[in-house]
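S.K.: If you want the numbering used here, it's the 1-based position in the sequence shown plus 1. Heads up, the beta-carbon is just placed ideally off N, CA and C, and yes, glycines get one too.
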Amino acid sequence: MLMSAGMTTRTRRPRDLDELVNYREHEGLWSGFFEENWLKPKLRALGYTHVRFFSGTICDYNGSYRERACELKREGMPVEYRLYG
2 MLMSAGMTTR TRRPRDLDEL VNYREHEGLW SGFFEENWLK PKLRALGYTH VRFFSGTICD
62 YNGSYRERAC ELKREGMPVE YRLYG
């Protein structure tokens, strides 16, 4: 069985998005605005032509995302999945 790029071999859990972009330096909520206006431009600058965020949970105390999935694709490469939060 082939594994998707970005998955760790031992746990089959997607790697942390922090390996590509230090999203923890963002001072504010990890929200839809953060994804579209802060995170997505940084990922596109790394050469990803397709960036999509989905799933995850929302923190009760501040409404920010946790365990949010990110689907990434570069031209001619397989889809990668990463987690943040």
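1. With a threshold of 6 Å on Cβ separation, who are the neighbours of residue 71 within its own chain once the five nearest residues in sequence on each side are excluded?
2. Give the C-beta separation of residue 65 and residue 39 to the nearest angstrom, bearing in mind that I take them to be a contact with Cβ-Cβ under 8 Å.
3. Provide the residue(s) that pair with residue 24 in DSSP beta bridges, ordered along the chain.
4. Between which two residues does the beta strand (DSSP E) carrying residue 84 extend?
5. Could you check the C-alpha separation between residue 59 and residue 67 for me, to the nearest Å?
6. Please state if the CB of residue 69 and the CB of residue 85 are separated by a distance shorter than 8 Å.
7. Rank 13, 78, 22 by C-alpha distance to the C-alpha of residue 51 and give the top, closest one.
M.R.: On the basis of the supplied data:
1. 18, 54, 83
2. Contact doesn't hold; Cβ gap of about 13 Å is too wide.
3. DSSP, once it has assigned bridges, lists no residue as partnering residue 24.
4. 81-85
5. 6 Å
6. yes
7. 78
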